[in-house]
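> Chains as they are written, first to last, in the working numbering: chain Y, 1 to 339; chain P, 1001 to 1339.
If you scroll down you'll find the structure; I have some questions about it.
2 protein chains.
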Amino acid sequence: MNKRSSAPTLQDVARMAKVSTATVSRCFNTPDKVIETTRDRVLEIVEELGYTPHFGGRTLASNRSNTVGAIIPTIDNAIFARGIQAFQETLAQNNVTLLIASSGYDPEREFQQIRSLISQGADGLLLIGHARPIKTYDFLQRRQIPYVVTWNYREDSNSFNVGFDNRKAGSKITNEILKFGHKRIAVITGHTEFNDRALDRLNGVRDAMKSSGISELNLAIISTTYSLKSGADAFEDFMTRKPRPTVIMCGNDVLATGAITRANEMGIKVPYDVSVTGFDDIDLAEVVQPKLTTVHVPHRRMGKSSAKLLLDILNGKQDCQSLELEIEIVLRQSLGNAF
Amino acid sequence: MNKRSSAPTLQDVARMAKVSTATVSRCFNTPDKVIETTRDRVLEIVEELGYTPHFGGRTLASNRSNTVGAIIPTIDNAIFARGIQAFQETLAQNNVTLLIASSGYDPEREFQQIRSLISQGADGLLLIGHARPIKTYDFLQRRQIPYVVTWNYREDSNSFNVGFDNRKAGSKITNEILKFGHKRIAVITGHTEFNDRALDRLNGVRDAMKSSGISELNLAIISTTYSLKSGADAFEDFMTRKPRPTVIMCGNDVLATGAITRANEMGIKVPYDVSVTGFDDIDLAEVVQPKLTTVHVPHRRMGKSSAKLLLDILNGKQDCQSLELEIEIVLRQSLGNAF
DNA sequence: TTGCCTAATGTAAGCGCTTACACTTGACTA
DNA sequence: TAGTCAAGTGTAAGCGCTTACATTAGGCAA
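Have a look at this one:
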């Protein structure tokens, strides 16, 4: 990597403005401690030189970076995009920069990324979901790293936590489905290892079935990766089984869209031949035909609230609180009566 | 922001391993200059302490950060997600971290973000498109910042550049459309100010029409923001005009999907009543009914190649070359004969 | 006038790291 | 045997910045 040789330094500015480096520094950090005439002169030079403070020097000296990190499973998925965008916007309003890294749903990589972001100077972190190895939590604990867990809310969590209860959400949509008279339920879920959102949703389905007195024997599950094609393939798999399920619940809208697309190709009519539901309520849900009945997740609010909480923690605010958000079921056309 | 007080330092490691700080440092940076027994001892302590090198110190001392920044118009859009994901993966393979910032299509904010990323220590940058104010280029020039422009390829660019020629692409799909006998063409484009991709695509349409001897009077244009709803509204607007266009070309697949969705709602049959085309070939294109005829953009290849080029530049490799990628037209169902 | 206080600014230490240079040791060559 | 060299390690300077503390100057009360 090459040198950033030509970058002007605080020294350069100080020399040209005929003040000490301390004064220049104060112009940035505590402007009201510098008399206006001096400040103007300094800022003029700053402009002229195109001076930008050197981040490394700054963090070293002040032991803070105004940077937080977020580690998300993948960038390439609409599921996270909206929430992260809101998270970032809120941080930006507070002059905090966001570093984004992705783990590819791999806890080991997540751990590395956490270390990497911390050594990059991140003051705090945003993490998705609760499920991660103890050693990761140990590290966070030992290094006293402020962090917020989002995308899932758990009553009993030891972490600061903003999100919705995926288990309740799973139950809620299942109850809705049961109202339509469905008995044979199939679930296409994302892999549940180290993905507590997926796992909790699935357990929510089980909860609801149990409390309605429906045997687990009526529940069929395929777990797969999050892609249109996986959703489509899993759908086809279910449709070749006998007896067919009457409803196919999908772990997110991407899987559900894949399923419906395949249904259309196979000439299977949704919801007349089989119902399909999604989860998330991303744009896709209103694009696919028939439109998806799904769980509406308040992504933007989640991102914004997470940012606020993390900022509060970092600013040492007292009694910071975890926050549970509510979800709603959005009834569209892909869920119909059991036949 | 709070202190990271409890982080162990190089010193701590050195003391516990009974070596100098230089040796510990070498274990990380030039491991083959340290004899194995020493290295093992050091790494053991590193593990035990959960030591992570302090980024600030590191950048200060070495004047490099192994970090590059990317400024994209928005995170919340599938258009960029795939390419950026590939970009990031390639960097990660080379132990380079990616910082992502978003500009919201605003050149002023882009400039700020560039400054911010640079002061964060980014060694180089990825920028989307060529269109930005001179002062931004001046800054990049003056500070000698290595950068790669992507998502558009221009023969005459002064910048390192990986992408496809949006103008040619615009022509190419227009020619395809003309083969289907279309004469009255409507375009729904993103705003073209400081968006050279959109502008070039539009100019490509004009080029193709001109060389086929079709008057500009047969071209209607609406420029709008990139969202499903904007696409839908613009579509409806066009459909109420007389005479109606026979084909609606959309600046990207999101707009096109919005258009088709609205068509379905209005009972307008695509492609029998009107044809619709997109641009990008994201997942959406195969989900919407009818499936989209669109321009396939090699997003992943673009991201990967951009990363490689940027890394080469940063490593001071000689004769780095800009790279033009080819696009292809994907014929699906949304384009039919003019009626 | 003297003494005290405050506001503005300067001085200089040191944040954690890399690296040029110096030193030590042991092996090899002439 | 002395001389040369390379490998492994240590010493210490200094990267750009913040900030505790020191200094200066001017205003005001006694």
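The beta-carbon is built from N, C-alpha and C at its ideal position, and this holds for glycine as well.
1. Would you list the residues sitting across from residue 1328/P in a DSSP beta bridge?
2. State the Cα-Cα distance for the pair residue 1331/P and residue 1293/P, rounded to the nearest angstrom.
3. Buried or exposed for residue 286/Y, going by 16 or more other Cβ atoms inside 10 Å?
4. Go to residue 75/Y, then tell me how far its alpha helix (DSSP H) extends in each direction, as first and last residue.
5. Say whether chain Y places a C-beta atom closer than 7 angstroms to the C-beta of residue 1057/P.
6. What are the uninterrupted segments assigned as beta strand (DSSP E) that are 3 or more residues long and contained completely in the region 1175 to 1217 of chain P, given in chain order?
7. Answer yes or no: do residue 128/Y and residue 1052/P have a C-beta to C-beta separation smaller than 7 angstroms?
8. Counting along the chain, where does the beta strand (DSSP E) carrying residue 1147/P start and finish?
9. Residues of the region 1073 to 1106 of chain P in Cβ contact with chain Y at a cutoff of 8 angstroms, in chain order, please.
10. For residue 1036/P and residue 1047/P, what's the separation of their Cα atoms in angstroms?
11. Could you please give me the residues that DSSP links to residue 220/Y through a beta bridge?
12. For a cutoff of 7 angstroms on Cβ pairs, would you count residue 121/Y as touching chain P?
13. Would you kindly check if the distance between the Cβ of residue 1204/P and the Cβ of residue 1258/P is under 7 angstroms?
14. Please state whether the Cβ-Cβ distance between residue 66/Y and residue 34/Y is less than 7 angstroms.
15. In whole angstroms, what is the alpha-carbon distance linking residue 43/Y and residue 22/Y?
16. Is there a Cβ of chain P sitting closer than 7 angstroms to that of residue 118/Y, yes or no?
17. Around the C-beta of residue 1213/P, are 16 or more other C-beta atoms found within 10 angstroms, so that it is buried, or is it exposed?
18. Residues of chain Y with a CB under 7 angstroms from the CB of residue 1050/P: which are they?
19. Mind pulling the chain Y residues with CB within less than 9 angstroms of residue 1031/P?
20. Could I get the ranges of all uninterrupted beta strand (DSSP E) runs contained in the region 50 to 132 of chain Y, with 3 residues as the minimum, in chain order?
21. With which residues is residue 276/Y paired in a DSSP beta bridge?
22. Measure the alpha-carbon distance for residue 241/Y versus residue 334/Y and round it to whole angstroms.
23. Nearest CA to the CA of residue 1187/P: which residue from 1137/P, 1278/P, 1264/P, 1062/P?
24. Using the C-alpha atoms, what's the distance from residue 54/Y back to residue 9/Y?
25. Which bits of chain P does residue 332/Y rub up against, with CB to CB less than 8 angstroms?
26. So is residue 288/Y in contact with chain P if we call contact Cβ pairs under 7 angstroms?
27. The region 7 to 29 of chain Y: which residues have C-beta closer than 8 angstroms to a C-beta of chain P, in chain order?
28. Kindly list, in the order they appear in chain P, the residues whose Cβ is closer than 9 angstroms to that of residue 296/Y.
29. So is residue 1301/P in contact with chain Y if we call contact Cβ pairs under 7 angstroms?
30. Residue 218/Y touches chain P at which residues, Cβ-Cβ below 8 angstroms?
31. How long is the line joining the alpha carbons of residue 1221/P and residue 1262/P, rounded to whole angstroms?
32. Which residues bound the alpha helix (DSSP H) around residue 235/Y?
33. Could you pull the DSSP bridge partners for residue 1341/P from this structure?
34. Under 7 angstroms Cβ-Cβ, which residues of chain Y neighbour residue 1252/P?
35. Taking the continuous alpha helix (DSSP H) assigned at residue 157/Y, which residues delimit it?
36. Cα separation between residue 275/Y and residue 282/Y?
Taking the geometry as given:
1. 1296/P
2. 5 angstroms
3. buried
4. Careful: residue 75/Y lies outside any alpha helix (DSSP H) and carries neither H nor E.
5. yes
6. 1185 to 1190
7. no
8. 1147 to 1150
9. 1074, 1075, 1076, 1077, 1078, 1081, 1082, 1084, 1085, 1088, 1097, 1098, 1099, 1100, 1101, 1102
10. 16 angstroms
11. 186/Y
12. yes
13. no
14. no
15. 14 angstroms
16. yes
17. exposed
18. 139, 142, 143
19. None at all; the shortest Cβ gap to chain Y is about 18 angstroms.
20. 67 to 72, 97 to 102, 124 to 128
21. 248/Y
22. 21 angstroms
23. 1278/P
24. 8 angstroms
25. Here the premise fails: no neighbours, minimum Cβ distance about 13 angstroms.
26. yes
27. 7
28. Going along chain P, no residue has its Cβ under 9 angstroms from residue 296/Y, so there is no contact; the nearest lies around 16 angstroms.
29. no
30. None at all; the shortest Cβ gap to chain P is about 30 angstroms.
31. 18 angstroms
32. 228 to 239
33. One cannot answer for residue 1341/P here, as it falls past the ends of chain P, which runs 1001 to 1339.
34. Those do not exist, as residue 1252/P stays about 13 angstroms from chain Y at its closest Cβ, beyond 7 angstroms.
35. Segment: none, residue 157/Y is in no alpha helix (DSSP H) and carries neither H nor E.
36. 19 angstroms
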